[in-house]
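Since the structure comes first, as C-alpha cells, the remarks are kept for the end.
There are 2 protein chains.
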Amino acid sequence: MANKKRATLKDIANVLNISPAAVSKAMHDDSRISDKTKKAVKRVAKELDYQPNHLASALRNGKSNLVGVIVPRTNSNFFSSVLENMEAVLNKASYNIIITQSNESFEKECKNIDTLLFTQVDGIIASMANETVDLSHYEKVKSNGIPLILFDRGENDLNVDYVGINDYDSSHVIVEHLVEKGCKRIAHIGGYRRTRIFNNRIKGYVDALKKNELPIDDSLIVESALTLEDGRLEMENLLRLEHRPDAVYVASDYAALGALQVLNEQDIKVPDDIRLVGFGNEPFTSLVTPSITSIEQHSKEIGRLAAETFLKHIAQPELKQTLNKIILDAELIIRDSSR
Amino acid sequence: MANKKRATLKDIANVLNISPAAVSKAMHDDSRISDKTKKAVKRVAKELDYQPNHLASALRNGKSNLVGVIVPRTNSNFFSSVLENMEAVLNKASYNIIITQSNESFEKECKNIDTLLFTQVDGIIASMANETVDLSHYEKVKSNGIPLILFDRGENDLNVDYVGINDYDSSHVIVEHLVEKGCKRIAHIGGYRRTRIFNNRIKGYVDALKKNELPIDDSLIVESALTLEDGRLEMENLLRLEHRPDAVYVASDYAALGALQVLNEQDIKVPDDIRLVGFGNEPFTSLVTPSITSIEQHSKEIGRLAAETFLKHIAQPELKQTLNKIILDAELIIRDSSR
DNA sequence: TATATTTGCTTAATCGATTAAGCAAATATA
DNA sequence: TATATTTGCTTAATCGATTAAGCAAATATA
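Below, the structure written as C-alpha cells:
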C-alpha cells in the first residue's frame with residue numbers, strides 16, 4: 402500500500418508560493434483574498450486531491466461536527482428508522498453521526514458515553530438501556546457542557562430535552578379499544594417500571610381500567626424485559642391463571658409476537674378467545690397470522706425532532722438544558738389480532 | 402450550562418509545577434519519570450477529571466483509533482449481530498467504531514465513505530449497498546492507504562480482504578435438500594446478479610440443478626432487490642405461471658417472508674404444495690407459521706473475523722492489500738416450510 | 001577521586017488548520 | 001499632491017498532546 406501522504410494546506414501553499422494562511426482563507430472564500438488567488442488555490446487543491454484534516458480543524462475550532470447517538474439496539478425497525486431520519490437532518494446541517502449500541506446493558510452504555518466524549522462529539526442523542534437506573538454517566542455529559550437529548554427512553558430527573566410519544570395516553574387508547582370490543586379482563590405484559598416509558602404505560606393502563614370501571618387485578622400485570630422470549634413466558638403464565646384474561650396488551654411488539662406464538666401453539670383463537678395488542682408497529686406485526694394491532698410511534702418524527710433539538714442548542718448555546726419534553730400523539734393501528 | 406473547560410495536560414502541569422511534557426510521560430508510565438511524579442500526576446488528573454483530548458493526540462499520532470463501518474441497513478439481525486461482535490473485538494484492541502448506514506443507496510454509500518475519511522478513521526469495514534456497481538469510492542479508500550475490509554457483500558475487483566460465507570455452496574446445499582424431498586421444479590427468487598453474492602447464489606443454484614439433472618427454466622429464475630414486497634410480487638408472478646414450481650428458494654429471509662404471506666393468503670399448503678427456503682436465518686424465520694427453512698450465515702464469526710483482519714493490517718502495515726477471502730461454510734437450518 | 005552512566009526532568013518542535021494582528025502596495029479621497 | 005482607506009497578503013500564535021534532543025543532578029563504576 403503506497404501510503405500516499407495526504408496533501409495539506411502547506412503543500413498547496415508551496416506550489417503557489419504563498420502562505421498556508423492565505424490558502425486557508427482562500428478555501429473559505431475570505432473577502433480579503435483576491436479572486437485570482439482563490440481560483441489558483443482551488444485548482445491546486447483539486448490537483449493534489451486535498452482533503453482537509455478534520456482532526457486539525459476540529460482541534461483548532463473546538464468542535465468536531467460529530468453527534469454521538471446511543472441506542473439500545475439497532476436491529477429494531479423503530480431505532481433504525483429514527484436513526485435514518487435523524488441522520489438526514491443532521492447531515493444537512495453538516496453534522497455527521499456516530500452510532501453506538503448499548504445492547505440494553507448499563508455497563509456498555511457507560512462505555513459508549515466515554516467513547517463519544519473521547520471522540521469529542523458536539524452533542525449526544527440517546528435512548529436509554531433497559532438496565533439503566535443510575536444516571537451519573539449522563540450527568541457527566543451534561544457537566545461536559547455539550548447538549549444531551551433523550552428520545553423514547555428518557556428520564557425526567559436528568560432535566561434535559563426529551564422527544565417521545567405519549568405513553569400514558571397510548572395505554573388509554575389501547576384499553577378503550579379493547580373495552581369497546583367487549584373485553585373485561587385485560588392483562589398487561591409491561592416493561593420494568595424503573596424505565597419511565599414503561600411506568601407510564603402501566604399507569605395509563607391502570608387509570609384507563611379505573612375510568613372504565615374495570616377491577617384492577619395484580620395477577621394480570623407483569624413486568625419483564627419485553628424480549629420475544631419474555632413474551633412467551635409471561636403469556637404461558639397468564640394462561641395458567643385460574644381466571645384467564647380475555648385480552649392482552651403487550652408493551653412491545655417483540656414480546657407480543659412471543660405471546661402470539663404461544664396462543665397459536667395452544668390453539669387459542671386470536672382475537673375470538675383472547676385479543677392481543679402490541680406496541681411499536683414493527684413491520685412484522687402486519688406479517689404474522691393474525692396480524693397484530695399495535696401503536697405507531699412516529700419514529701421518523703422522533704428522529705427529526707431529536708436532531709432539530711440538538712441543532713437548536715448549537716444555534717443558541719446560551720439556552721439552558723432543562724426538562725423540555727416534545728410529546729407526540731401515538732396512533733393505534735388496528736389489525737386482526739383485536740378486530 | 403456552565404461550559405466548564407475540560408482540564409488539559411497543561412492544567413495538571415501547572416498544579417504540580419512541572420512541564421506538560423512530564424505530565425504526558427507520567428500518564429503513559431514512561432520509565433524516565435519517577436514513581437513519585439507519576440502518582441502525583443495521576444492524583445491531580447483524577448481531581449481535575451482530566452480526559453485526554455482525542456483530537457489532539459490523534460492529530461499528533463496520525464491515527465484516530467476509530468474504525469468506520471458501512472452497512473446497508475442496521476435493522477436486520479444479521480448486520481446488527483455482525484456489528485456487535487465486530488465491536489467487541491475492536492474495543493478490546495482499544496479501537497472504537499463508527500457505524501454508518503447506506504440504506505442500500507450508492508449515493509449514500511459514497512457520502513458515508515467521505516464522512517469516514519473526513520473523520521480520519523484508521524480503516525473501513527464495509528458491506529456494499531445493493532445499488533453499488535461503480536467502485537471508485539472504494540478505490541479512494543484504498544489509495545488513502547488505510548485498510549479496507551469487505552464482508553458479506555464484496556467484490557473481487559477491489560482486491561481487498563473479504564469475509565463471507567460460501568454462497569455458491571449454500572445454493573447447492575439448498576437444492577440438494579429440496580431434491581431429496583422430491584422437488585422437481587425449483588424456482589429461485591434471487592438478488593441482482595451485479596452483486597457478487599447474489600450472482601454466486603444464482604450460479605450455485607443453476608449448477609446444482611444441472612448436477613441433479615433437472616432442467617433449467619428461465620421463467621423460474623427472477624432477480625429483485627429482495628425486500629419483503631419484492632418477495633410478495635415475485636411469488637405472485639410465479640403462481641401465475643402455467644406450470645407452477647413445487648419449491649421456491651428465496652435469496653433473503655425478508656423476501657421469503659413475503660412469499661410465504663402470499664402462499665398463506667392463497668391457501669397454498671407449505672410445504673405440501675410448495676416447499677420454501679429462505680436465506681439468512683433471521684429470528685423471525687422460526688416464528689412465522691410455518692417456520693421457514695433458512696441458511697445460517699454465522700454473523701458472529703463474520704464480525705469477529707472482519708475485525709481481526711483489520712487488526713492484522715494495523716499490526717503489519719507492510720501487508721499489501723490483496724484479494725484475501727475468508728469463506729465460512731454456511732449451515733442449512735431445516736424448518737417446517739420444507740420438511 | 002575522576003569519569004561514565006542513569007535518572008528525571010525541561011525545552012522546543014511537531015501534527016494541520018485557523019485567525020488576530022500587522023504590513024506594504026494599491027487605490028480612493030480631500 | 002498629501003493623506004486615508006482598502007486590498008491582499010504574511011507573520012506568529014494557537015488548539016492539546018507528544019516526542020526527540022538535551023541538560024543538570026544523582027548515582028555507579030573504575
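Order-wise, the sequence lines are chains G and X. Residue numbering for the first sequence follows the numbering used here, starting at 402 and increasing by one per position. Residue numbering for the second sequence follows the numbering used here, starting at 402 and increasing by one per position. Positions of the beta carbon are idealized from the N, C-alpha and C atoms, including for glycine.
| said: Between the alpha carbons of G:Leu551 and X:Arg736, how many angstroms are there, rounded? | reply: On the first sequence, position 150 is the one that residue 551 of chain G refers to. On the second sequence, position 335 is the one that residue 736 of chain X refers to. So the alpha carbons of these two residues sit roughly 41 Å apart.
| Just reading off the beta strand (DSSP E) that X:Thr589 is part of, what are its end residues? | Looking up residue 589 of chain X in the second sequence gives position 188. The sequence given here has His at residue 589 of chain X, not Thr. Taken as a continuous stretch (DSSP letters only), the beta strand (DSSP E) holding X:His589 covers Ile587 to Gly591.
| message | Here's the rule I'm using: 16 or more other beta-carbon atoms within 10 Å means buried, otherwise exposed. How should G:His429 be labelled? | response | Taking the first sequence and counting its residues from 1, one reaches residue 429 of chain G at position 28. Exposed, since its Cβ has fewer than 16 Cβ neighbours within 10 Å.
| task | Output, in chain order, the set of chain G residues within a Cβ distance shorter than 7 Å of X:Phe685. | result | Within the second sequence, residue 685 of chain X is the residue found at index 284, counting from 1. Phe685, listed in chain order.
| Three-state secondary structure assigned by DSSP to X:Asp631 | Residue mapping note: residue 631 of chain X aligns to position 230 of the second sequence, counting from 1. Note: X:Asp631 maps to helix in three-state DSSP.
| Which runs of the beta strand (DSSP E) spanning at least 3 residues fall entirely within the region 641-717 of chain G, listed in chain order? | For the beta strand (DSSP E) assignment, the uninterrupted runs of no fewer than 3 residues enclosed by the region 641-717 of chain G are, from N- to C-terminal side, 648-651, 676-678 and 695-697.
| query | Whose Cβ in chain X lies nearer than 9 Å to the Cβ of G:Glu532? | reply | On the first sequence, position 131 is the one that residue 532 of chain G refers to. Here the premise fails: no neighbours, minimum Cβ distance about 16 Å.
| task | Return the residues of the region 697-711 of chain G that lie within a Cβ-Cβ distance of less than 8 Å from chain X, sorted by chain order. | result | none
| task | Taking all protein chains shown into account, decide if X:Thr723 is buried (16 or more other Cβ within 10 angstroms of its Cβ) or exposed. | result | In the second sequence, counting from the first residue as 1, residue 723 of chain X sits at position 322. Label assigned to X:Thr723: exposed.
| said: Taking the straight line between their C-alpha atoms, what separation do you get for X:Thr690 and G:Glu581? | reply: Position 289 of the second sequence, counting from 1, holds the residue named residue 690 of chain X. Position 180 of the first sequence, counting from 1, holds the residue named residue 581 of chain G. Distance between the alpha carbons of X:Thr690 and G:Glu581: 30 Å.
| request: Under 7 Å Cβ to Cβ from G:Gly632, same chain only, skipping five residues before and after it: list those, please. | output: In the first sequence, residue 632 of chain G corresponds to position 231, counting from 1. Closer than 7 Å at the Cβ level, and outside the excluded window around G:Gly632, lie Ile590, Val651, Tyr655, Ala656, Ala657, Leu658, Gly659 and Ala660.
| task | Measuring only between beta-carbons, confirm whether G:Phe519 sits less than 7 Å from chain X. | result | Sequence index remark: in the first sequence, residue 519 of chain G carries index 118 (1-based). Output row for G:Phe519: interface = yes.
| said: I need the straight-line Cα distance from X:Ile675 to X:Asn638, nearest angstrom please. | reply: In the second sequence, counting from the first residue as 1, residue 675 of chain X sits at position 274. In the second sequence, counting from the first residue as 1, residue 638 of chain X sits at position 237. Roughly 14 Å between the two C-alpha positions.
| What is the residue span of the alpha helix (DSSP H) that X:Val483 lies within? | Position 82 of the second sequence, counting from 1, holds the residue named residue 483 of chain X. X:Val483 -> alpha helix (DSSP H) spans Asn478 to Lys493.
| query | Within this structure, are the beta carbons of G:Phe680 and G:Ile693 separated by less than 7 Å? | reply | Counting from one through the first sequence, the residue named residue 680 of chain G turns up at place 279. Counting from one through the first sequence, the residue named residue 693 of chain G turns up at place 292. Cβ distance not < 7 Å, so G:Phe680 and G:Ile693 don't count as in contact.
| field | Nearest-angstrom Cα separation, counted from X:Glu532 out to G:Met402 | value | By one-based count along the first sequence, residue 402 of chain G stands at place 1. By one-based count along the second sequence, residue 532 of chain X stands at place 131. Its pLDDT being 33, under 50, G:Met402 is placed unreliably in this model, and the coordinates cannot settle the point.
| request: May I ask you to report which of helix, strand or coil DSSP gives G:Lys726? | output: Here residue 726 of chain G is taken as the residue at index 325 of the first sequence, counted from 1. In the structure shown, G:Lys726 sits in a strand (DSSP, three-state: E or B).
| query | Secondary structure at G:Leu733, three-state DSSP: helix, strand or coil? | reply | One-based indexing of the first sequence puts residue 733 of chain G at position 332. G:Leu733: strand per DSSP, three-state reduction.
| In three-state terms, what does DSSP make of X:Ala626? | Counting from 1 along the second sequence, the entry for residue 626 of chain X is found at position 225. Residue state, collapsed to three classes: coil.
| Of all Cβ atoms in chain X, is any one closer than 7 Å to the Cβ of G:Asn404? | Taking the first sequence and counting its residues from 1, the one referred to as residue 404 of chain G is at position 3. The predicted position of G:Asn404 is uncertain, since its pLDDT is 46 and thus under 50; no value can be drawn from it.
| field | Close Cβ partners of G:Gln698 (< 7 Å) along its chain, the five nearest in sequence each way excluded | value | Taking the first sequence and counting its residues from 1, the one referred to as residue 698 of chain G is at position 297. Counting only Cβ-Cβ distances below 7 Å, and skipping sequence neighbours, we find Phe479, Ile566, Gly681, Asn682 and Ala731.
| request: Go through the region 530-575 of chain G residue by residue and report every complete run of the beta strand (DSSP E) that reaches 3 residues or more, in order. | output: 549-552 and 562-566
| task | Can you tell me the Cβ-Cβ gap for X:Val468 and X:Asp523, rounded? I've got them flagged as a contact below 8 Å. | result | Counting from one through the second sequence, the residue named residue 468 of chain X turns up at place 67. Counting from one through the second sequence, the residue named residue 523 of chain X turns up at place 122. The Cβ separation is near 6 Å, so the contact holds.
| message | Using only the alpha-carbon positions, how far apart do X:Leu449 and G:Val663 sit? | response | By 1-based counting over the second sequence, the position of residue 449 of chain X is 48. By 1-based counting over the first sequence, the position of residue 663 of chain G is 262. The straight-line gap from Cα to Cα measures roughly 56 Å.
| query | If you measure beta-carbon to beta-carbon, which residues of the region 487-505 of chain G are closer than 9 Å to chain X? | reply | Within the region 487-505 of chain G, Glu488, Asn492, Asn497, Ile498, Ile499, Ile500, Thr501, Gln502 and Asn504 place their CB atoms closer than 9 Å to a CB of chain X, listed in sequence order.
| field | chain G contacts made by the region 651-683 of chain X, where a contact means CB separation under 7 Å | value | Leu658, Gln662 and Asn665
| query | Going by DSSP, which residues form a beta bridge with G:Lys720? | reply | On the first sequence, residue 720 of chain G is found 319 positions in, with the first residue counted as 1. The sequence shown places Leu at residue 720 of chain G, rather than the Lys named in the question. None; G:Leu720 has no bridge partner.
| With burial defined as no fewer than 16 other Cβ atoms inside 10 Å of the residue's Cβ, what is the status of X:Asn740: buried or exposed? | Along the second sequence, one-based indexing puts residue 740 of chain X at 339. Residue 740 of chain X is actually Arg in this sequence, not Asn. Looking at its Cβ environment, which holds fewer than 16 other Cβ atoms inside 10 Å, X:Arg740 is exposed.
| query | Going by the beta-carbon positions, is the gap between G:Val574 and G:Leu733 smaller than 7 Å? | reply | Numbered from 1 along the first sequence, position 173 holds the residue referred to as residue 574 of chain G. Numbered from 1 along the first sequence, position 332 holds the residue referred to as residue 733 of chain G. Note that the C-beta distance between G:Val574 and G:Leu733 is below 7 Å.
| task | Within its chain, find whatever has a CB closer than 6 Å to the CB of X:His714; leave out the 5 residues flanking it on each side and keep chain order. | result | The residue labelled residue 714 of chain X in the question sits at position 313 within the second sequence. Pro548 and Leu720.
| query | By the 10 Å Cβ neighbour count, where 16 or more other Cβ atoms means buried, how is G:Arg602 classified, buried or exposed? | reply | Residue 602 of chain G sits at position 201 when you count from the first residue of the first sequence. Under the 10 Å beta carbon count, G:Arg602 is surrounded by 16 or more other beta carbons and is classified as buried.
| task | Compare the C-beta of G:Leu456 with all C-beta atoms of chain X and state if any pair is closer than 7 Å. | result | Position 55 of the first sequence, counting from 1, holds the residue named residue 456 of chain G. Closer than 7 Å to some Cβ of chain X, the Cβ of G:Leu456 qualifies, so yes.
| request: At 8 Å on the CB atoms, spell out the chain G contacts of X:Glu485, in chain order. | output: Numbered from its first residue, the second sequence carries residue 485 of chain X at position 84. Chain-order list of chain G residues neighbouring X:Glu485: Gln502 and Asn504, by C-beta distance under 8 Å.
| Can you tell me whether G:Ser420 is buried or exposed, with buried defined as 16 or more other CB within 10 angstroms of its CB? | Counted from its first residue, the first sequence places residue 420 of chain G at position 19. Classification for G:Ser420: exposed.
| Per-residue DSSP class, three states only, for X:Leu467 | Residue mapping note: residue 467 of chain X aligns to position 66 of the second sequence, counting from 1. It is a strand residue.
| request: Could you give the DSSP three-state label for G:Asn404: helix, strand or coil? | output: For the purposes of this step, residue 404 of chain G is taken as residue 3 along the first sequence, with counting starting at 1. Because G:Asn404 carries a pLDDT of 46, less than 50, the predicted location of this residue cannot be relied on, and no value is offered for it.
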